[in-house]
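Below is one structure, written out as structure tokens, with a few remarks after it.
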Amino acid sequence: MIAEKTLNQTLHTAKFFKRDEFYTQLSDIESELKHYKEHFKGKVVFCNCDDPRSSNFFNYFAYNFENLGLKKLLVSCYKNQEKNLFIQEEPESAVFLEYTGDKDGKKARNAEEIGIKMLQGDGDFRSQEVIEFLKQADIIVTNPPFSLFREYVEQLLKYEKKFLIIGNINAITYKEIFKLIKENKAWLGINMGRGISGFIVPDNYELYGTEVRIDSLGDKIISPNNCLWLTNLDTFKRSEDIILSKTYYGNESQYPKFDNYDAINVDKTKDIPIDYEGVMGVPITFLHKFNPEQFELVKFRKGNDDKDLSINGKCPYFRILIKNRKL
Ligand SMILES: C[S@@+](CC[C@H](N)C(=O)[O-])C[C@H]1O[C@@H](n2cnc3c(N)ncnc32)[C@H](O)[C@@H]1O
Numbered sequence: 158m159i160a161e162k163t164l165n166q167t168l169h170t171a172k173f174f175k176r177d178e179f180y181t182q183l184s185d186i187e188s189e190l191k192h193y194k195e196h197f198k199g200k201v202v203f204c205n206c207d208d209p210r211s212s213n214f215f216n217y218f219a220y221n222f223e224n225l226g227l228k229k230l231l232v233s234c235y236k237n238q239e240k241n242l243f244i245q246e247e248p249e250s251a252v253f254l255e256y257t258g259d260k261d262g263k264k265a266r267n268a269e270e271i272g273i274k275m276l277q278g279d280g281d282f283r284s285q286e287v288i289e290f291l292k293q294a295d296i297i298v299t300n301p302p303f304s305l306f307r308e309y310v311e312q313l314l315k316y317e318k319k320f321l322i323i324g325n326i327n328a329i330t331y332k333e334i335f336k337l338i339k340e341n342k343a344w345l346g347i348n349m350g351r352g353i354s355g356f357i358v359p360d361n362y363e364l365y366g367t368e369v370r371i372d373s374l375g376d377k378i379i380s381p382n383n384c385l386w387l388t389n390l391d392t393f394k395r396s397e398d399i400i401l402s403k404t405y406y407g408n409e410s411q412y413p414k415f416d417n418y419d420a421i422n423v424d425k426t427k428d429i430p431i432d433y434e435g436v437m438g439v440p441i442t443f444l445h446k447f448n449p450e451q452f453e454l455v456k457f458r459k460g461n462d463d464k465d466l467s468i469n470g471k472c473p474y475f476r477i478l479i480k481n482r483k484l
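Following our numbering, the numbering of the sequence shown begins with 158 at its first residue and continues without gaps.
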């Protein structure tokens, strides 16, 4: 019964991410963005999956424009086939907005005051029109469509942009994304899992078995608890060592070796032994605490035979193979 419930939940969550129509809460944006203030001074920010009439990314940057010392804010959205969550009518076309600070001597905060313009195309982040905005931008910040996550990140790299975006934890298991993390070209932000409190979904969203609530504004919020921030902006966390207290020698039986790789299995990041100089297989959530000066990422998920890492024939959940650089 429990297994069935978990399966249902997984299926509902998978469906949820497939639809792409879930919206980030201002509180979640604030609690991540407060750690990056120094990166934004004098910069052009682009939110390229955001309707300026409803996006909290737009609200955050418009409201904090002076506080962050931004040079320009660009926001563009896709012409969605479905009804818009907030204005509840068919959108006529994709729109964009450009804000360079005070307008006519006064601070404009909402999209109408700033002035919304029509895009010629559908606002797809891959369209030439939207790429022209991307080229002007220094930092891209948004929650992009999860179904196009790989392509989205690939485009950011192609144009050598700084970014701070929301994704699903599973994205780490994509080989393209893991490669980026391994090569130190991207890393996890500050908040992850339950650290991202939930997303606003349309009223008619049906999600049984998942955490759903109505907030004080009457919005329906779903908490999938499996999202993260992916970034290439430096954070304080990247230079903090994970405090280790366990030892391997004397406790060898707690750290079995894999069948198909010369490494020990560690079930929880906090149990990484302080004294093991070889390779260790740790859960993917390790990446949330990863400091590249403390550990090296060796390999992901597979053993020498290119099959999933196993112990006595059983595969624990995905493991990342790491090595302590300080030993
Ligand atoms: C997960 S939602 C997040 C919306 C908004 N960024 C936020 O955080 O509230 C992803 C958004 O990307 C839009 N989208 C889907 N395909 C797109 C595309 N090809 N180009 C640009 N945006 C797209 C969807 O319409 C949806 O609004």
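Glycine included, every Cβ here is placed at the ideal spot set by N, Cα and C.
Q. Say the cut is 7 Å; is the CB of residue 278 nearer than that to a heavy atom of ligand 1?
A. Here residue 278 refers to the residue found at position 121 when the sequence shown is read from its first residue. At a cut-off of 7 Å, the beta-carbon of residue 278 does not count as near ligand 1: no heavy atom of the ligand is closer than that.
(Q) I need the boundaries of the beta strand (DSSP E) containing residue 188, first residue and last residue. (A) Reading the sequence shown from its first residue, position 31 is the one you call residue 188. According to the DSSP assignment, residue 188 belongs to no beta strand (DSSP E) but to the alpha helix (DSSP H) extending over 183-190.
Q: With ligand 1 as the reference, list in chain order each residue whose Cβ lies under 7 Å from any of its heavy atoms.
A: 177, 178, 179, 180, 181, 204, 205, 206, 207, 208, 212, 213, 214, 234, 235, 237, 280, 281, 282, 283, 299, 300, 301, 302, 303, 305, 323
Q) Whole alpha helix (DSSP H) runs in the region 324-398 with 4 or more residues, listed along the chain? A) 332-339
Q: Specify whether the region 297-316 and the region 413-430 touch according to this definition: at least 3 beta carbon pairs, one from each stretch, less than 8 Å apart.
A: Taking 8 Å as the limit for Cβ pairs, the verdict is that the region 413-430 does not touch the region 297-316.
Q: Note down the Cα distance separating residue 212 from residue 391, rounded to an integer number of angstroms.
A: Sequence index remark: in the sequence shown, residue 212 carries index 55 (1-based). Sequence index remark: in the sequence shown, residue 391 carries index 234 (1-based). Residue 212 and residue 391: Cα-Cα distance of roughly 25 Å.
Q. With a Cβ-Cβ cutoff of 8 Å, do residue 181 and residue 356 count as a contact?
A. Walking along the sequence shown from the start, residue 181 turns up at place 24. Walking along the sequence shown from the start, residue 356 turns up at place 199. Yes, these two residues count as a Cβ contact at 8 Å.
Q: Report buried or exposed for residue 278, applying the criterion of at least 16 other Cβ atoms within 10 angstroms of its Cβ.
A: On the sequence shown, residue 278 is found 121 positions in, with the first residue counted as 1. Residue environment analysis places residue 278 among the exposed positions, since fewer than 16 neighbouring C-beta atoms fall within 10 angstroms of its C-beta.
Q) Alpha carbon to alpha carbon, how far is residue 197 from residue 469? A) The residue given as residue 197 occupies position 40 in the sequence shown. The residue given as residue 469 occupies position 312 in the sequence shown. When rounded, the distance between both Cα atoms is 50 Å.
(Q) Looking at chain D, is there any beta carbon in it that lies within less than 8 Å of the beta carbon of residue 328? (A) The displayed structure is made up of one protein chain only, and chain D is not part of it.
**Q.** Neighbourhood of residue 385 by C-beta distance below 8 Å, restricted to the same chain and skipping five residues each side
**A.** On the sequence shown, residue 385 is found 228 positions in, with the first residue counted as 1. Within the same chain, residue 385 has close Cβ partners 323, 324, 325, 326, 328, 329, 345, 346, 348, 349, 350, 353, 445.
**Q.** Expected contact under 8 Å - CB spacing of residue 227 and residue 214 to nearest Å
**A.** In the sequence shown, residue 227 corresponds to position 70, counting from 1. In the sequence shown, residue 214 corresponds to position 57, counting from 1. So it is not a contact: roughly 13 Å between Cβ atoms.
Q.
Report the start-end ranges of each beta strand (DSSP E) in the region 436-472 that is 3 residues or longer and not cut off at the edges.
A. You should have 436-440, 452-457.
Q | Rounded C-alpha distance that separates residue 449 from residue 276 | A | Mapped onto the sequence shown, residue 449 falls at position 292. Mapped onto the sequence shown, residue 276 falls at position 119. Approximately 42 Å, taken between the alpha carbons.
Q) Between 451, 419, 398, 358, which lies nearest to residue 375 when the distance is taken from Cα to Cα? A) The residue you call residue 375 lines up with position 218 of the sequence shown. For the residues 451, 419, 398, 358, the minimum Cα distance to residue 375 belongs to 358.
Q: Mark residue 165 as exposed unless 16 or more other C-beta atoms lie within 10 angstroms of its C-beta, in which case mark it buried.
A: Residue numbering aside, residue 165 sits at position 8 when the sequence shown is read from its first letter. With a pLDDT of only 48 at residue 165, under the threshold of 50, the placement of this residue in the model should not be trusted, and no figure is reported.
Q. How many whole angstroms separate the CB atoms of residue 441 and residue 477, which I take to be in contact at a CB cut-off of 8 Å?
A. Against the sequence shown, residue 441 aligns to sequence position 284. Against the sequence shown, residue 477 aligns to sequence position 320. Contact holds; Cβ gap of about 6 Å.
Q | Limits of the unbroken beta strand (DSSP E) element including residue 253 | A | On the sequence shown, position 96 is the one that residue 253 refers to. That run of the beta strand (DSSP E) goes 252-256.
Q. Start and end of the beta strand (DSSP E) containing residue 203?
A. In the sequence shown, residue 203 corresponds to position 46, counting from 1. Taken as a continuous stretch (DSSP letters only), the beta strand (DSSP E) holding residue 203 covers 201-204.
Q | Residues of its chain near residue 302, where Cβ-Cβ distance is below 6 Å and the 5 sequence neighbours each way are ignored | A | Working through the sequence shown from its first residue, we reach residue 302 at position 145. Within the same chain, residue 302 has close Cβ partners 177.
(Q) Please return the same chain residues whose Cβ sits closer than 7 Å to the Cβ of residue 238, not counting the five positions on each side in sequence. (A) Within the sequence shown, residue 238 is the residue found at index 81, counting from 1. Only weak support exists for where residue 238 lies, its pLDDT of 48 falling under 50; the coordinates are left without a value.
Q. Between the C-alpha atoms of residue 163 and residue 335, what's the straight-line distance to the nearest angstrom?
A. To locate residue 163, count along the sequence shown from 1; it is residue 6. To locate residue 335, count along the sequence shown from 1; it is residue 178. Interpretation of residue 163 is limited by its pLDDT of 44, a score under 50 that renders its predicted location unreliable; no figure is taken from the coordinates.
Q: Sort 402, 317, 332 by Cα distance to residue 388 and report the nearest one.
A: As a first step, residue 388 must be located in the sequence shown, where it is residue number 231. When each option's Cα is compared against that of residue 388, the closest is 317.
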